[in-house]
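In this note's numbering, the protein residues as written are 13 to 111. In what follows, a single structure is set out as structure tokens and then discussed.
Listed below in structure tokens is the structure:
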């Protein structure tokens with residue numbers, strides 16, 4: 013059975029995004045929705061780890077799934093581990109995206 017593991021970088025990006033939306037909206041409602049969707053997506057990935065779209069120029073190692081259309085989780089499979097590499101805001105500069 014697969015397990016989900018976040019890299020420290022992905023975890024930091026995730027929490028920064030949550031904090032940004034709490035501060036920007038003066039409410040935690042949207043951040044709570046993001047959290048719910050991430051938890052749901054983790055459960056989908058555990059059930060079907062190949063669900064994500066393969067990212068070009070990554071030797072077919074990195075996949076992407078969308079969260080609320082505004083965010084993406086980039087991950088790779090290592091044995092029985094789904095390693096979350098990046099939590100990405102889709103309005104960010106794609107040139108800054110690194111794995």
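Every residue, glycine too, gets a C-beta built ideally from N, C-alpha and C.
Asked                                                              : Found
Residue 81, DSSP secondary structure in three states               : coil
Environment of residue 36 [buried if 16+ CB atoms lie within 10 Å] : exposed
Residues that DSSP places opposite residue 86 in a beta bridge     : 76 and 98
Three-state secondary structure (DSSP) of residue 45               : helix
Residue 29 to residue 101 span [Cα, whole Å]                       : 8 Å
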